[in-house]
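As they're listed, the protein sequences go chains G and V.
So for the first sequence, this note's numbering puts the first residue at -19; every next one is plus one.
So for the second sequence, this note's numbering puts the first residue at -19; every next one is plus one.
Using N, Cα and C, we set each Cβ at its ideal position, and we do this for glycine too.
As the structure is a prediction and not an experimental result, all values here were calculated from the model.
Protein chains: 2
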Amino acid sequence: MPDTRTRILDTGAELFRRQGYAATGIKQIVTAAQAPFGSIYHHFPGGKEQLGAEAIRVSGALYELLVPAVFDPAPDLVSGVRAFFAGAALHLEETDYEDACPIATITLETASRSEPMREASHDVFESWIVAGLPHFTAAGLSEPAARELIISLICALEGAFLLARAARCTEALQVAGDLMVAATERALAQAGR
Amino acid sequence: MPDTRTRILDTGAELFRRQGYAATGIKQIVTAAQAPFGSIYHHFPGGKEQLGAEAIRVSGALYELLVPAVFDPAPDLVSGVRAFFAGAALHLEETDYEDACPIATITLETASRSEPMREASHDVFESWIVAGLPHFTAAGLSEPAARELIISLICALEGAFLLARAARCTEALQVAGDLMVAATERALAQAGR
DNA sequence: ACATCACTAGATTGATCGCTCTAGCGAGTA
DNA sequence: TACTCGCTAGAGCGATCAATCTAGTGATGT
């Protein structure tokens, strides 16, 4: 069993992801984490806001691991992109449309109300972009072109998550994935020319 | 001054959009709407959940008006797509990165917790797709091709809103917009062939 | 004039919110 | 054996939550 602070942080990250920030109570987190209530303000003197900001970073770092996990075993970049959307769709279905992006909900809730949390969200998105860069430049794209393509990929994925959760159906992930696969192919063709 | 019910609904929609569902209190809504507290349960016997679901539909209907407002005056479809992203970026900047999608936050917060609200969100997204269809089929696309392109457009826009709000910068909207403009051009070229 | 009823008005409910507080436990050092 | 101190433990703070309640108002129909 990990230490109390880690347990609180991981549990908080999971609850924020599934229920949102405002709807998740401190008490609910410590109860779910099997941690004493008093401990939370020892480990997170900044209160819920600090816990939220750190949870965003934890969730972001965890999700970032998916980038090499999906792209490394893929035979080529386009297959990797395809696998990313397919994997996202599968996981969403398997979790009954609960587990989508770990930080999208809390980002939208807090970006305009807490500067530390907005910063954390921004850092996470930026880290995802950076994590993707080597896979796209290795395939022949210039760094600016790779960056733009990855940003578009994340946008498409995030938007598709939103529509898919509302529809309880993976159509949006399928459609947006197909478009991004085509866009990747075209970017590679243009770079190779 | 519109009647009480309308005032409550419009104010609720606006607050849910900016603060999220869970973070917005019933009392705050009636106060901002200058409505008596007791009235809300008369007009919305289903309580906050009913108010939320109706607010989603109201916001969705309002935002849907942007579709013809942007595409009708555009000289061609591609210009319309470009204008849509440019307009979104401008409006986001002008509102200090507060006013993005009117239903994204509340959708993510409630899709897995309230079936009526999830349905409302789904209906709104579907209505946006349908509202876009004539503009894309008129340009020569088949209905399935138009639908897929519009879904991708909405995904790209929603994701770009998310990243832009986190970054307090419109780069994502610019990049995703460019990609969707190119995708639209290619879809038209393929249809016209 | 009178009854009806949609609506206003807000006090009040019990629960829960984030957070602070004091008390005490227990491993490590002297 | 004393003492420190990181951490646990939870009672309790004022505030606020969504929701219910009764009482009253005012326009309408007869």
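- Secondary structure of Y43/G (DSSP, three-state): helix.
- Considered as a whole, the stretch -16 to 40 of chain G harbours -16 to -1, 6 to 12 and 17 to 23 as its complete alpha helix (DSSP H) runs of no fewer than 4 residues, in chain order.
- Residue state for L121/V is assigned as coil, using DSSP reduced to three classes.
- Here T150/G is buried: its Cβ has 16 or more other Cβ atoms, across all protein chains shown, within 10 Å.
- By the neighbour-count definition (other C-beta atoms within 10 Å, threshold 16), S92/G is a buried residue.
- Residue range L57 to E74 is occupied by the alpha helix (DSSP H) that includes S59/V.
- Check the Cα spacing between L70/G and each of Q(-1)/G, A144/G, P(-18)/G and E95/G: the tightest is with A144/G.
- For I86/V, the uninterrupted alpha helix (DSSP H) segment begins and ends at A84 to T90.
- The beta carbon of G5/V sits closer than 8 Å to none of the beta carbons in its chain outside the five residues before and after it.
- If you look at T164/V, you'll find it in the alpha helix (DSSP H) that goes E151 to G172.
- Excluding five sequence positions before and after G139/G, the CB atoms of its chain that fall closer than 8 Å to its own CB belong to A152 and A156, given in chain order.
- Chain order gives the chain V residues near T87/G as L142, R145 and A146, where near means a beta carbon separation below 8 Å.
- Residue environment analysis places H115/G among the buried positions, since at least 16 neighbouring C-beta atoms fall within 10 angstroms of its C-beta.
- For A119/V, the closest alpha carbon among the candidates E89/V, A146/V, R166/V and I36/V is that of R166/V.
- When DSSP states are grouped into helix, strand and coil, C135/G belongs to the helix group.
- At a cut-off of 8 Å between beta-carbon atoms, A91/V makes contact with chain G.
- Around the beta carbon of A169/V, fewer than 16 other beta carbons lie within 10 angstroms, which makes this residue exposed.
- For the stretch 154 to 166 of chain G, the set of positions with a beta-carbon nearer than 7 Å to some beta-carbon of chain V reads V155, A156, L159 and A163 in chain order.
- If you ignore the 5 residues before and after A33/G, its C-beta comes within less than 6 Å of the C-beta of P96, M97 and A100, all in its own chain and listed in chain order.
- Pairing R(-15)/G with H23/G gives a Cβ-Cβ distance under 8 Å.
- Contact between A146/G and T87/V is confirmed by a C-beta separation of about 5 Å, below the 8 Å threshold.
- For S94/G, the secondary structure class from DSSP, reduced to helix, strand or coil, is coil.
- In terms of Cβ geometry, A13/G and R(-13)/G form a close pair [threshold 8 Å].
- If you draw a straight line from the Cα of L133/V to the Cα of Y77/G, it is about 22 Å long.
- Contact note: A126/G does not reach chain V at a C-beta cutoff of 8 Å; the least C-beta distance is about 12 Å.
- L88, E89, A91, S92, R98, S101, H102 and F105: these are the residues of the stretch 88 to 119 of chain V whose beta carbon lies less than 7 Å from some beta carbon of chain G, given in chain order.
- Here the alpha carbon of G(-8)/V sits roughly 31 Å from the alpha carbon of G40/G.
- A residue is called buried once 16 or more other Cβ atoms fall within 10 Å of its Cβ, and A2/G is buried on that count.
- DSSP places A54/V in the coil class of the three-state scheme, outside both helix and strand.
- In the structure shown, E128/G falls within a helical segment according to DSSP collapsed to helix, strand and coil.
- If the five residues before and after T117/G are omitted, its C-beta is found closer than 7 Å to the C-beta atoms of E123 and A126, all from its own chain and listed in chain order.
- DSSP, read as helix, strand or coil, puts E78/G in coil.
- Among the residues facing chain V, Y43/G is not included, as its CB has no counterpart in that chain under 8 Å away.
- For P114/G, the secondary structure class from DSSP, reduced to helix, strand or coil, is helix.
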